[in-house]
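>
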Amino acid sequence: MKLPEGRELRIRNVKKYSGEELDGIFSRTLGKAKVDLDSFTKSERTTIMEGQVEPGMSKAAVLRALGYPPKHQTPSLSGNEWTYWRNRVTRFVVRFADDKVVSTR
261 MKLPEGRELR
271 IRNVKKYSGE
281 ELDGIFSRTL
291 GKAKVDLDSF
301 TKSERTTIME
311 GQVEPGMSKA
321 AVLRALGYPP
331 KHQTPSLSGN
341 EWTYWRNRVT
351 RFVVRFADDK
361 VVSTR
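Using this note's numbering, the letters of the sequence shown correspond one by one to residues 261 to 365.
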């Protein structure tokens, strides 16, 4: 796949980790329209644009900032702990209470 600026994007799906077919990943991750961030607070918008997570962010804001967590460690977004990977070996957990981030580790 070519990005608008000409760079090539390659995505490799390992279904045992993603829990999805590639079409499902594409449909929830990529789009032609610019993402509307108006429903988020100013602080959340800034943090989303930085690709970071801070206490107080909503689950929806975390999804915009980091994307969907791999399903093999986070099978449901209704849970209070979402596991992400910084790289191939280092992972971190985002913890929620009342659908707001309370900590990351």
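Think of the CB as a built atom: it goes at the ideal place given N, C-alpha and C, for glycine as much as any other residue. Model, not experiment: these values are computed from the prediction.
What residues are listed by DSSP as bridge partners for K360?
Along the sequence shown, read from residue 1 onward, the residue named residue 360 stands at position 100. Under the DSSP definition of a beta bridge, K360 partners with S318, A357.
> Okay, do the segment 269-283 and the segment 308-324 touch, 3+ Cβ pairs below 8 Å being the bar?
no
> Inspect the beta-carbon positions of V362 and R355 and report whether they are closer than 8 Å.
Looking up residue 362 in the sequence shown gives position 102. Looking up residue 355 in the sequence shown gives position 95. Going by C-beta atoms, V362 is nearer than 8 Å to R355.
> With a threshold of 16 other CB atoms inside 10 Å of the CB of I308, please say whether the residue is buried or exposed.
For this step, residue 308 is matched to residue 48 along the sequence shown. It is buried - the Cβ of I308 has at least 16 other Cβ atoms within 10 Å.
> Once DSSP output is grouped into helix, strand and coil, what is the label at F300?
Position 40 of the sequence shown, counted from the start, is the residue given in the question as residue 300. Looking at F300 - three-state DSSP - the assignment turns out to be coil, as it is neither helix nor strand.
> On the criterion of 16 or more Cβ atoms from any shown chain inside 10 Å, does W345 qualify as buried, or is it exposed?
Against the sequence shown, residue 345 aligns to sequence position 85. Its Cβ having fewer than 16 others within 10 Å, W345 is exposed.
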